[in-house]
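First comes the structure, then the notes that go with it.
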Amino acid sequence: MTQLNSIPGLIDELCEMFDESVRALRSALARYMLKGERPDLEQRAAGIFAYPELRIDYGYDHPAKFPARAFGRLNQPGRYAISIARPAMFRDYLIEQLGYLVRDYGVEVSVGRSGSEIPYPYVLDGTDDLRLDDVRAADLGRWFPTTELAHIGDEIADGSWDHSSRSDRPLALFDGPRVDFSLGRLRHYTGTPSEHTQRYLLFTNYVRYVDEFVRWAIAELQREDSPYEALSAPGGLYITRETADAEALVREGGWRKFQMPAYHLMAANGEGITLVNIGVGPSNAKTICDHLAVLRPEAWLMIGHCGGLRPSQTIGDYVLAHAYLRDDHVLDDVLPIEIPIPPIAEIQQALFDAAAQVTGEAPKELKQRLRTGTVVTTDDRNWELRYTLSARRFNQSRAVAIDMESATVAAQGYRFRVPYGTLLCVSDKPLHGEIKLAGQANAFYERAISQHLRIGIETLRILKNEGTKLHSRKLRSFDEPPFR
C-alpha cells in the first residue's frame, strides 16, 4: 500500500520517465536529419518514445467508501491508469489527486511506460536548433510517432469510453496525447505559454474588458501586499512590478496576431486570474474550453455583453444566468440539447454576493437591476432579422437575455466537470427599440465595464474560499474517473 509521503517520489519518477522519452525522441530526430538514420523499431516497441503511465491498483479486500467530495472516489476495485503528458507542469495537481485516493482507499500507486508514443511535433518548440524546415512531414511520419487524430478524443469525458477494449479503467478525463494536443493549441490561440494559465478563469467577448483588466492587473502588481507576481500577455510579454510603461507595452504588443489572446495575472500555486478574450461566437467559446479543460481549472466565468429581452430592463443592468436556451448548435452531437445544464449554487451565490460588494447596493436594491433568468445563446449574429421564428421559444423559455457564448461556455463546463457561471451586462434592447449606436455605446462601455469586471474578479476571490465544495456533484456522472 502506497504511503502519502512517497507520492512526491512517484511523481519524480513520472517526470524523469517523460523527460527520458522526450530526450530519446529529440535525439532520434536529430540523427535522422543529420545522417538519415531511422529509429530502431525494437526500441520503439520497448517504449523508448512512450508517454509515462500513472497506475492505481485498488484491491477487492478494501471496503467501499463514499467520501463527501464529488471527486477522488473509486467506484469499484481494479486497476486505473492514464498516460501523462508534461507531468512537471501538473505536479501539484497529481500530488493532490493521488493524496485523496491514498488516504481514503489504501491504493497501490505505480509508474510505468504507456502504450502511447509522444508525437514528434510535441517535442519541438521552434526556439532551438532542432528545426524541420527541410524535412517533409510525410517522411517523418513514416519513421516517428505522429499526431493521429484517431487516437485523440473526449470519449472518457463524454461517457462513450469502451471499457471492454482494455482491462484497466481510466484514471482521469484526459490522457497524454489529448493533453499535449491542447497545450499546443493553447499557445497558438492565446499567444501565451499554457503553463502561465491560472486556476481561475474569466472569459469575455469584448476587448474593452481586456483594457480594464490590464489596468487593474498592473495596479495590483504595484501594491506592496499584492499576492500577484507577474502579468503574462500575448507575444511573450512578462510584466512585473519593475516593468516601465507596462500598460503601453501590453497595448502595443502582439495580441492582434492571436485569435483569442489571454492575459494571466500570476500568483503562487496558480491562484491568480486568467482573462481570455474569446471574441464573438459559440465556435470560439467551444474551442477555447476544449483546450483549457485539460489544465483542470477550478472554475470559469463568462462576463460579457448581452441583449436584454424584457421591457423592464435598462441598459447597464445585469443578468445572472440560471438556465440556458442552447441555440448555439456547436455541441449538439456530443451533448444533446435535451441534456439540462444546471446552475452551480456556489457560483450563483458568489456572483450575487460579489455584485452586492462591488456596487455597494443592498440585496433588495440590487435585485432591481440584476435579473436572474434564462439566457439564450445563438449562433446567428443577426437573429433579429428572423425574430418571428424565435419569439415563441424565447417566450416559452422565459428568456431574459441573448448572447452568443454563454450557453456554450456553461455546456463545456458541464461536459468537462469545470464549475461555470455567467454574469452578463445589458448593452442593448433590440426588441424594444434600444439599439447601440456609436456615441451611446461608448458612454455605456465607460460606465459599465469597470464595475462588471470587478464583480467577476471579486467572484473568483470568493470562490477560492470554497475549496472542494466548489466542485458540485451535479458535474459528476455515476461512472467517473477518480481524478477531478
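With the first letter of the sequence shown counted as 1, position 337 gets the number 1558 in the working numbering; the numbers rise by one all the way through. C-beta: ideal position from N, C-alpha, C; glycine also.
heavy atom of the ligand SAM below 7 Å from residue i C-beta
{"i": "L1684", "result": "As far as ligands go, the structure on display features none, and thus does not contain the ligand SAM."}
Residues near residue i by beta carbon distance below 6 Å, same chain, minus five either side
{"i": "Q1318", "result": "F1704"}
{"i": "S1671", "result": "E1433"}
{"i": "T1689", "result": "R1290"}
{"i": "A1631", "result": "Y1545, I1562, Y1641"}
{"i": "P1340", "result": "P1366, T1367, T1368"}
{"i": "E1258", "result": "R1252"}
{"i": "A1628", "result": "Y1545, R1547, D1549, T1598"}
{"i": "D1396", "result": "I1303, S1304"}
{"i": "I1618", "result": "Strictly speaking, residue 1618 in this sequence is Ser, with Ile absent from that position. Within the same chain, S1618 has close Cβ partners L1546, T1595."}
{"i": "S1227", "result": "none"}
{"i": "C1236", "result": "P1308, A1309"}
Cβ-Cβ distance between residue i and residue j below 8 Å
{"i": "D1389", "j": "R1300", "result": "yes"}
{"i": "L1684", "j": "A1571", "result": "yes"}
{"i": "A1451", "j": "T1413", "result": "no"}
{"i": "I1316", "j": "L1275", "result": "no"}
{"i": "Y1449", "j": "A1488", "result": "yes"}
{"i": "F1424", "j": "T1368", "result": "no"}
{"i": "P1584", "j": "I1377", "result": "no"}
{"i": "L1681", "j": "A1291", "result": "no"}
{"i": "N1426", "j": "G1500", "result": "yes"}
{"i": "S1648", "j": "I1536", "result": "yes"}
{"i": "A1271", "j": "E1338", "result": "yes"}
{"i": "F1615", "j": "V1597", "result": "yes"}
{"i": "P1273", "j": "M1238", "result": "yes"}
{"i": "D1205", "j": "C1527", "result": "Nothing in the structure corresponds to residue 1205, since the chain is present only between 1222 and 1705."}
{"i": "Y1314", "j": "G1405", "result": "no"}
{"i": "I1439", "j": "E1473", "result": "no"}
{"i": "V1497", "j": "A1483", "result": "yes"}
{"i": "R1420", "j": "P1518", "result": "yes"}
{"i": "V1332", "j": "E1234", "result": "yes"}
{"i": "R1636", "j": "L1516", "result": "no"}
{"i": "V1621", "j": "R1531", "result": "yes"}
{"i": "A1410", "j": "Q1480", "result": "With the sequence shown as reference, residue 1410 is identified as Tyr, and Ala is not the correct amino acid for it. Going by C-beta atoms, Y1410 is nearer than 8 Å to Q1480."}
{"i": "T1593", "j": "H1543", "result": "yes"}
{"i": "G1456", "j": "W1437", "result": "no"}
{"i": "I1373", "j": "R1334", "result": "no"}
{"i": "L1486", "j": "E1559", "result": "no"}
8 Å Cβ shell around residue i - same chain, five flanking residues per side excluded
{"i": "Y1326", "result": "Y1279, H1283, K1286, L1295"}
{"i": "Q1633", "result": "A1506, K1507, C1510, D1511, A1514, L1552, V1639, Y1641"}
{"i": "G1380", "result": "S1698, D1700"}
{"i": "L1591", "result": "D1538, Y1539, V1540, L1541, F1573, A1576"}
{"i": "A1566", "result": "S1693"}
{"i": "L1225", "result": "G1320, V1323, R1324"}
{"i": "G1677", "result": "L1423, L1522, I1524, A1575, L1644"}
{"i": "V1243", "result": "I1339, V1344"}
Beta-bridge partners of residue i, as assigned by DSSP
{"i": "L1591", "result": "Y1539"}
{"i": "N1498", "result": "T1425"}
{"i": "G1333", "result": "E1274"}
{"i": "E1338", "result": "A1271"}
{"i": "A1544", "result": "T1595"}
{"i": "C1646", "result": "H1526, Y1539"}
{"i": "G1299", "result": "Y1279"}
{"i": "L1315", "result": "Beta-bridge pairing links L1315 to no other residue."}
{"i": "H1485", "result": "S1453, T1495"}
{"i": "I1623", "result": "G1528, V1597"}
{"i": "Y1641", "result": "W1521"}
{"i": "I1460", "result": "L1452"}
{"i": "S1304", "result": "E1274"}
Interface flag, residue i vs chain B, CB-CB below 8 Å
{"i": "A1454", "result": "The question asks about chain B, but that chain is absent: this structure has only one protein chain."}
Cβ neighbours of residue i in the same chain (closer than 7 Å, five flanking residues each side left out)
{"i": "E1416", "result": "M1310"}
{"i": "R1675", "result": "V1579"}
{"i": "V1428", "result": "N1498"}
{"i": "A1245", "result": "I1269, F1270"}
{"i": "L1231", "result": "V1330, V1332"}
{"i": "R1247", "result": "V1344, L1351"}
{"i": "I1504", "result": "Reading off the sequence, residue 1504 comes out as Ser, not Ile. Excluding residues within five positions, the ones whose Cβ falls inside 7 Å are V1551."}
Any chance the stretch 1392-1399 sits against the stretch 1461-1469, with 3 or more Cβ pairs inside 8 Å? no
Given 8 Å, three or more beta-carbon pairs between the stretch 1361-1377 and the stretch 1244-1254: yes
Which runs of the alpha helix (DSSP H) spanning at least 4 residues fall entirely within the stretch 1390-1458, listed in chain order? 1397-1411, 1428-1443
Contained beta strand (DSSP E) runs [length at least 3] in the stretch 1231-1255, N- to C-terminal order: none
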